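Student: FYI, in this note's numbering the residues of the sequence shown are -5 to 207.
All C-beta atoms, glycine included, are put in the ideal place defined by N, C-alpha and C.
Note that the coordinates shown come from a computational prediction; the quantities given were computed from them, not determined experimentally.
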Amino acid sequence: MRFGVIGSAVVGQTLASGLKKHGYEVRIGSRSPAKLADYAKSSGILTGTFAEVAAWGEGLVLAVGGNVAEDALRDAGAASLKGKLVVDATNPIAKEPPEDGVVKYFTSPNESLMERLQRAFPDARFVKAFNSVGAALMVNPSFPGGRPTMFYCGNDAAAKATVATIIDQFGWDGADMGTATAARAIEPLAQLWCIPGFRDNQWTNHAFRLMRK
Ligand SMILES: NC(=O)c1ccc[n+]([C@@H]2O[C@H](COP(=O)([O-])OP(=O)(O)OC[C@H]3O[C@@H](n4cnc5c(N)ncnc54)[C@H](OP(=O)(O)O)[C@@H]3O)[C@@H](O)[C@H]2O)c1
-5 MRFGVIGSAV VGQTLASGLK KHGYEVRIGS RSPAKLADYA KSSGILTGTF
45 AEVAAWGEGL VLAVGGNVAE DALRDAGAAS LKGKLVVDAT NPIAKEPPED
95 GVVKYFTSPN ESLMERLQRA FPDARFVKAF NSVGAALMVN PSFPGGRPTM
145 FYCGNDAAAK ATVATIIDQF GWDGADMGTA TAARAIEPLA QLWCIPGFRD
195 NQWTNHAFRL MRK
């Protein structure tokens, strides 16, 4: 499967490299693809504009700031999103600084960014995933306690099945939380995950694990 990654920063590069590592064809996009020259050289991954990689991809990864996610998808082009899986790693982080280590969101508790995006682009098949851990741990992290849990959700079963495979390949136990509505609960996990980072500068040593019996 061919993935077009919309997002040129650490998350876009990490997920693009992870997909390539696991055998997917990948291109990565930016509004200014030239800024990806070094990454393209070291990774062997081709670059393009958001529109170019979105048109090329059979599936997409969204890895831009939450406040500009809709703009980036419009740049990508609604027609290029039609019917496609969009792995949504974004979080609705507000511009204000964190308070006591808690990042502020521009969404309220009974809504989510992914629901907004799904409404704005109804023909795309959004799946929330990879938003609740730092980029350094997204691909094949190693924890003494075993695989951590990646929570995911979305309205389309086939799209979620594709993401479940990627989650497994990336070394996580997937936990399907249901429809896009569950993004209201999954997006705030990133607020919780970031607290040790902002309070104690711990950005690379923790992830969530769902215990079951
Ligand atoms: N950093 C992490 O460890 C982490 C972990 C989990 C989830 N996340 C979430 O993942 C997303 C990406 O995070 P990040 O740290 O990799 O990068 P970021 O700095 O949040 O986003 C960078 C991307 O946003 C694009 N962008 C900025 N302004 C734009 C605009 N006005 N219109 C369209 N696109 C615009 C940039 O485009 P150009 O390429 O043109 O510059 C770039 O591709 C965020 O939503 C973040 O909350 C981050």
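Considering only the beta carbon of each residue, do Glu19 and Asn85 sit closer than 9 Å?
Tutor: no
Student: Could you check whether the Cβ of Met205 sits closer than 8 Å to any heavy atom belonging to ligand 1?
Tutor: no
Student: Since I believe Glu109 is in contact with Thr229 (beta carbons under 8 Å), could you give me their beta-carbon distance rounded to a whole number of angstroms?
Tutor: No answer is possible for residue 229: it lies beyond the span of the chain, which begins at -5 and ends at 207.
Student: Quick one: does the C-beta of Ile0 sit closer than 8 Å to a heavy atom of ligand 1?
Tutor: yes
Student: Please state the DSSP three-state secondary structure of Asp94.
Tutor: Three-state DSSP puts Asp94 in coil, outside helix and strand.
Student: If you run the structure through DSSP and keep just helix, strand and coil, what is Ala169?
Tutor: strand
Student: Under the assumption that Ala31 contacts Leu40 (Cβ atoms under 8 Å), give the Cβ distance between them as a whole number of angstroms.
Tutor: About 11 Å separates the two Cβ atoms, so there is no contact after all.
Student: Can you tell me whether Lys29 sits near ligand 1, meaning its C-beta is under 8 Å from at least one heavy atom of the ligand?
Tutor: Within the cutoff, so yes.
Student: Classify Gly139: buried if its beta carbon has 16 or more other beta carbons within 10 angstroms, exposed otherwise.
Tutor: exposed
Student: Compare the Cα-Cα distances from Phe(-3) to each of Asn149, Met132, Val133, Ala10 and report the closest residue.
Tutor: Ala10
Student: Give the single residue among Gly1, Lys29, Asn134 whose Cα lies nearest to the Cα of Ile22.
Tutor: Gly1
Student: If you reduce the DSSP assignment to three classes, tell me which class Glu46 lands in.
Tutor: helix
Student: So, with DSSP's three-state summary, where would you put Leu204?
Tutor: Leu204 sits in coil when the DSSP states are folded into three classes, being neither helix nor strand.
Student: According to DSSP, simplified to helix, strand and coil, what is Tyr146?
Tutor: strand
Student: Compare the Cα-Cα distances from Ala28 to each of Lys15, Ala3, Leu131, His16 and report the closest residue.
Tutor: Ala3
Student: Would Gln112 be called buried (16 or more neighbouring beta carbons within 10 Å of its own) or exposed?
Tutor: Classification of Gln112: buried, given that the 10 Å Cβ count is 16 or more.
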